[in-house]
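full-length UniProt numbering applies: residue 1 is where the sequence shown begins, and numbers increase by one.
Beta carbons: idealized from backbone N, C-alpha and C, even for Gly.
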Amino acid sequence: MGACGAGVRRGPAAFFPAQDAAARWLVGGTGRREEGNPSMRRTVLATVLASMLALPACEDRDAQATWTQASGSVALSRDDAFLYVVDSDNGVLAVVDTARREKVGEVKVGLLPERVAVGPDDTVYVSNRGSRSVSVIRRGDWNEAARIAVGVEPVGLSVSPAGDTLYVVNSAALATSSHGSLMAVDTRSLSVRWELPVGDEPRGIALAQGGKRALITRFRQGDLVSVDLTDADRPRVVREQTDLYARANVRDHVAASPDGLTPLPPAADIRFQPRSMSSVAVTPDGERALATVMWAREDPLSPDGTPTPPSGGSLYGGGGPCNTGGVVAPGLVTFDTDTGSPRVDDLDRCRPPPDLSPDFPPSTIISPESTHPIQGPVAAVVDPTGLWAFVVNRETDNVAIIPTGRRSGSDLRSGLGSTVRQLVRVGSGPTGIAMTRDGRKAYVYNAFDHTVTTLVSDGAGGTANIRTDGAPLPIAGDVLGPNEVAGRKLFFSALDSRMASTSVGASCASCHPDGREDGHVWGFPDGPRQTPSLAGRSMTKTGPFHWSGEFSTMRDFLDATVRHRMGGTVLDGVMVAQLSDFIDVLPAPDNPHRADVLTDAQTRGEAVFRKAACDTCHGGEHFTLNTQADVGTFVTSGPLQDDPVVRKQGLNTPSLLGLARTAPYLHDGSAVSLKDRLMQGRESNQHGVTAQLTDAEVDDLVEYLLTL
């Protein structure tokens, strides 16, 4: 938070002037001293003094070089003169003159562009998720100057402080779907210098320690990978996973309450898995990183904690972290950038474990407005003072402004359990945010409306000092059909009362991010049920629906999901058609195992597929005949078992399309790989005629299945 570069802002027009923010924290509106962490108060006070006296704090130069100014689908030029916006539907990078507030250029890039980054020399880079490439655009020449071939579904981008290296996060490697990778691209030659495996399904990236460390989010597992970049030619993973899950689900509650006197009462044994960790932002001081996440409940789902919800209840309502919201909740996880260790609340206690001070944002984001939920965090930035995080929530069309180092104060509505200072409405489906270096403005891209919302401060210093400025700026038009446009908004909405109640605050996308799956096993009343992927599977044509096959039509399935699970008020024929049309156009995940011509092993595997009679259940163009079957995987012991009626009828046969990118497998997620599934129970012949297969034939069958 030093005074070198953009670390300290001055002037009343800033979002949260450092002097005013610290004063309101240290001396509240009533003149009393607010509670807070002493070390954090000292840090804030130092920021105030540096700002007032313009004292040098040049030790922060390296930290400032990797401050995350933009996140997601938008970025700013180095002088904030141009806003760059990627529109995934249209496959373009739009260029906006921020002074004139008008679009001045449009660059055709690759398929499904996802994110954008800007180098120190103002070169613009766009990750093309659908083209296995990164587009290069030079400032002032609004054309694609080059296209770099990278891995499968590239998403996260970051440029080194020196500008000589572009780091690209690939969701999967070119040769395998078992892990994704971090690539380093020489920005002069545009050649790939090295590629490093970084776990399955990575997404976001931020640089720390002056560019000497990369922090990478694992989307499905909800965790952070730390990579040492000190040796430019020999990167190494220094931390592949953290103890985030254990820290968020502390079972030892012997510790005293905050007053140090009263023992804590026993807590319910409710656990939450971090999922959908899509972006990570580094604070201006470089000491911490904030990652957006979703918390998914593990134990049986019901409003009152019992296996079956009461009459009229919503299956997904209640039982979220801190016993608020629904069974899937938005979150923001803090990590120390030097160690990669998480600073996270014990989620069923709504407070940090005893070894941590509450000097970081609550790990669960709770709305300050009972009628306006928060859901689907996909992007985040921290303002130049380091005091405030701006979190973009795609499923509720808003931006939450949260203190980064405290949980109380006269400007917060902590009485409602929320530490969100302000909730700002934006357009539909926001996917990115970029903040000017002086902290005076921020720009949010509303992907489903194809518009940019500008946020400014009114300088009042009160609770409502952030506002939208002017009408949203149009960037592009719709390329989807009207039904598909409407269906997407319904699918991603946790705000539309027709789709979900405010007590649930969840959308279809909460469990099916990007129309795919979250890798989570849910505790449904009829047994453990892993979220199936919807993308690229022609789902509307593969009834009956759900793992138990209890819904004969898509309307029956959507009605049960929307009204009885999510608490929606209505689902008419028009909405069913709109949702169905959107689901049908969801693109299949890119598959590194698929090519125009099968390899020898894949060809042999195709023959084994028929030899093992896999096609008697997984036949047809969708690789399912929509029948019920018992393949020997029912759960008959433990706290969450399959219902006896379901065991008798069998499970609905799922489509095999997209298997390569949907591990783990089976209805209870118990098979971590395809070979693991084929080897378990192989001699029983319950899951295909597998007893007579040789080990080589099993390997060939796996190779073929990965191509589907």
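Put residue i into one of helix, strand or coil per three-state DSSP.
{"i": "Gly211", "result": "helix"}
{"i": "Gln241", "result": "coil"}
{"i": "Pro354", "result": "coil"}
{"i": "Thr217", "result": "strand"}
{"i": "Thr436", "result": "coil"}
{"i": "Val169", "result": "strand"}
{"i": "Thr690", "result": "coil"}
{"i": "Leu560", "result": "One detail in the question is off: residue 560 reads as Ala in this sequence, not Leu. Note: Ala560 maps to helix in three-state DSSP."}
{"i": "Met554", "result": "helix"}
{"i": "Gln273", "result": "strand"}
{"i": "Ser684", "result": "helix"}
{"i": "Pro56", "result": "For Pro56, the predicted structure reports a pLDDT of 35, less than 50, and the residue's modelled location is therefore unreliable. The matter cannot be settled from this model."}
{"i": "Pro587", "result": "coil"}
{"i": "Ala248", "result": "helix"}
{"i": "Thr364", "result": "strand"}
{"i": "Leu708", "result": "coil"}
{"i": "Pro258", "result": "Legend: pLDDT at Pro258 = 42, less than 50; position of this residue unreliable, value from coordinates given subsequently. Three-state result, Pro258: coil."}
{"i": "Asp676", "result": "helix"}
{"i": "Thr230", "result": "coil"}
{"i": "Thr616", "result": "helix"}
{"i": "Pro321", "result": "helix"}
{"i": "Leu423", "result": "strand"}
{"i": "Gly340", "result": "coil"}
Where does the unbroken beta strand (DSSP E) through residue i begin, and where does it stop?
{"i": "Val608", "result": "Element bounds for Val608: not the beta strand (DSSP E) but the alpha helix (DSSP H), Asp600 to Lys611."}
{"i": "Arg193", "result": "Val192 to Pro197"}
{"i": "Arg288", "result": "Arg288 to Arg297"}
{"i": "Asp141", "result": "Asp141 to Ala149"}
{"i": "Leu93", "result": "Val92 to Asp97"}
{"i": "Pro377", "result": "Pro377 to Val382"}
{"i": "Arg467", "result": "Ile466 to Thr468"}
{"i": "Glu517", "result": "Per DSSP, Glu517 belongs to no beta strand (DSSP E) and is neither H nor E."}
Comparing C-alpha positions only, which one of the options sits nearest to residue i?
{"i": "Gly72", "options": "Asn90, Val126 and Gly505", "result": "Val126"}
{"i": "Thr242", "options": "Asp231, Arg563 and Ser226", "result": "Ser226"}
{"i": "Arg537", "options": "Pro472, Arg529, Leu657 and Ser580", "result": "Leu657"}
{"i": "Leu215", "options": "Leu157, Val185, Asp231 and Val192", "result": "Leu157"}
{"i": "Leu625", "options": "Gly543, Phe634, Gly669 and Leu674", "result": "Gly543"}
{"i": "Arg349", "options": "Pro358, Pro342 and His622", "result": "Pro358"}
{"i": "Leu93", "options": "Ala149, Ala476 and Gln221", "result": "Ala476"}
{"i": "Asp79", "options": "Gly317, Val344, Gly105 and Thr123", "result": "Thr123"}
{"i": "Ser189", "options": "Gly163, Gly211, Gly180 and Leu244", "result": "Gly163"}
{"i": "Thr334", "options": "Pro235, Thr364, Leu315 and Arg213", "result": "Thr364"}
{"i": "Leu586", "options": "Val597, Thr540 and Met575", "result": "Thr540"}
{"i": "residue 758", "options": "Trp388, Asp97 and Ala145", "result": "Examination of residue 758 is not possible in this model, given that the chain is present from 1 through 708 alone."}
{"i": "Asn393", "options": "Ile402, Ile374 and Ser408", "result": "Ile374"}
{"i": "Gly523", "options": "Gly319, Asn90 and Asp121", "result": "Gly319"}
{"i": "Thr633", "options": "Phe557, Val597, Lys648 and Asp299", "result": "Lys648"}
{"i": "Trp295", "options": "Pro354, Arg288 and Gly376", "result": "Gly376"}
{"i": "Leu356", "options": "Asp121, Val452, Arg406 and Leu455", "result": "Arg406"}
{"i": "Ala289", "options": "Thr404, Arg565 and Glu144", "result": "Thr404"}
{"i": "Gly527", "options": "Thr694, Asp299 and Asp469", "result": "Asp299"}
Could you give the residue range of the alpha helix (DSSP H) that holds residue i?
{"i": "Lys489", "result": "Pro482 to Phe491"}
{"i": "Glu703", "result": "Asp695 to Leu705"}
{"i": "Asp584", "result": "Gly573 to Asp584"}
{"i": "Val333", "result": "No alpha helix (DSSP H) holds Val333; the beta strand (DSSP E) holding it covers Val328 to Asp336."}
{"i": "Ser510", "result": "Cys508 to Cys511"}
{"i": "Val645", "result": "Pro644 to Gln649"}
Spell out the partners DSSP gives residue i in its beta bridges.
{"i": "Ala75", "result": "Tyr84"}
{"i": "Asp223", "result": "Arg218"}
{"i": "Met539", "result": "According to DSSP, Met539 bridges with nothing at all."}
{"i": "Trp522", "result": "Arg529"}
{"i": "Asn652", "result": "Gln628"}
{"i": "Met183", "result": "Val168 and Glu195"}
{"i": "residue 718", "result": "With the chain covering only 1 through 708, there is no way to say anything about residue 718."}
{"i": "Ile402", "result": "Ala389"}
{"i": "residue 780", "result": "There is no way to answer for residue 780, as the model of the chain reaches only from 1 to 708."}
{"i": "Val479", "result": "For Val479, which the question treats as bridged, DSSP gives no partner whatsoever."}
{"i": "Asn446", "result": "Pro430 and Thr451"}
For the ligand MN, I want to know if residue i counts as a neighbour, meaning its beta carbon is within less than 7 Å of at least one of the ligand's heavy atoms.
{"i": "Val118", "result": "Looking for the ligand MN in the displayed structure turns up nothing, as the structure carries no ligands at all."}
Contact the stretch 422-433 vs the stretch 397-413: 3+ CB pairs below 8 Å:
yes
Does the contact criterion of 3 or more C-beta pairs under 8 Å hold for the stretch 641-649 versus the stretch 600-618?
no
Spell out a yes or no on whether the stretch 158-178 and the stretch 195-207 are touching, meaning 3 or more CB-CB pairs, one atom from each, closer than 8 Å.
yes
Segment contact, 8 Å Cβ cut-off, at least three pairs: the stretch 382-389 with the stretch 276-284:
yes
Decide if the stretch 138-158 is in contact with the stretch 116-130; the criterion is three or more beta carbon pairs, one per stretch, under 8 Å apart.
yes
Should the stretch 572-585 be regarded as contacting the stretch 338-345, the criterion being three or more beta carbon pairs within less than 8 Å?
no
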